[in-house]
Amino acid sequence: MTDQPVVLRETEGRIAVVTVNRPDKLNALNREVIGALAREIEAAGKDPEAGVIVLTGAGTKAFVAGADIREMAALTPVEAREFSRMGQGLGDVIDATGKPVIAAIEGYTLGGGCELAMMAHLRVASPSAKFGQPEVGLGLIPGFGGTQRLARLVGEGRALEMILTGKMIDAETAHAWGLVNRLARERSALEEAKALAGEILDKGPVAIRFCLEAVRTGLSMPLEEALEFEAALFGVTFATEDMKEGTGAFLEKRRPSFPGR
Ligand code: CO8
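Numbering (this note's numbering), first residue to last: -6 to 254.
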């Protein structure tokens, strides 16, 4: 046992880095880790300095190798349902931050780990990363949103192939399938994720927030309603100082300096 916190958070400039810190167990998610992750992501969301949140795992062997099988094996059905809801709740915590969350991925990203990565808005992986939903090999099904988000990201056929066989795919395949946004150099996922964060931090913060909301909320609506939602958010941006600054800067041929209001 170690006295180290199971989840670490530090702010570097305008980037908050939240790290699952259980490398001796390949960062497996038990209830303690999930609770700490929720608290630290929420705190990063409230940190006025942080414009983007990067989520990663300690060490290079795993992002997260899944839910903690030892803890899970002893759960009753009612506890397992609560555990599933607790893990799924991390997706709500991520969305409630209103900030882009980027997963920086090295190594095994399995089961609940793959599901956690899919809760993030964007994923950057090193070439040695491996993705899979191996739950059926344990007589389980993905329970942290995997049956839903994987199909939305890679399509039904590919998702079902991964979920039904439990086989891992490599980073290149994950990139080709759209599960990974960017492939980093070996052991550079965190660095590349920060570079991607930098590209977003240049932009209008209120617009970034509304884009996340429009895409995420819109995906669960019929297209007609989603388009109406988009138009409403588009209209609201015209009341922001960011919009005045962004359009003004373009017309005055200078770089914008967004106040974030
Ligand atoms: N849970 C608990 N401990 C783990 C886990 C895990 N998921 N993964 C690795 N560990 C531990 C190992 O037990 C080992 O601990 P120890 O040193 O004390 O024996 C340590 O981490 C290092 O692991 P290995 O020695 O196994 O390392 P290898 O390099 O030999 O193998 C693997 C790496 C292939 C990743 C292997 O560890 C493995 O197969 N792990 C399990 C992967 C898996 O099946 N993940 C899915 C879990 S199920 C899940 O996530 C469901 C989520 C939804 C929950 C729904 C609510 C009920």
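Ideal Cβ placement from N, Cα and C applies to all residues, glycine included.
Closer than 8 Å to some heavy atom of the ligand CO8: that describes the Cβ of S77. Membership of I34 in the alpha helix (DSSP H) is indicated by the continuous run R24 to K39.
With respect to the 9 Å criterion, G44 and N20 are not classified as neighbours on the basis of their beta carbons. Here DSSP, grouped into helix, strand and coil, assigns F243 to helix. The residue among G106, N14 and E238 with its C-alpha nearest the C-alpha of S250 is E238. Annotation for L19: no beta strand (DSSP E) segment contains it, and DSSP assigns it neither H nor E. Taking all protein chains shown into account, L83 has 16 or more neighbouring C-beta atoms within 10 Å of its C-beta and is therefore buried. In the displayed model, V11 falls within a strand according to three-state DSSP. CA-CA distance, T4 to L194, rounds to 14 Å.
As DSSP reads the structure, G84 sits in no beta bridge. The beta carbon of G197 is closer than 6 Å to those of D235, G239 and F251 in its chain, skipping five residues each way along the sequence.
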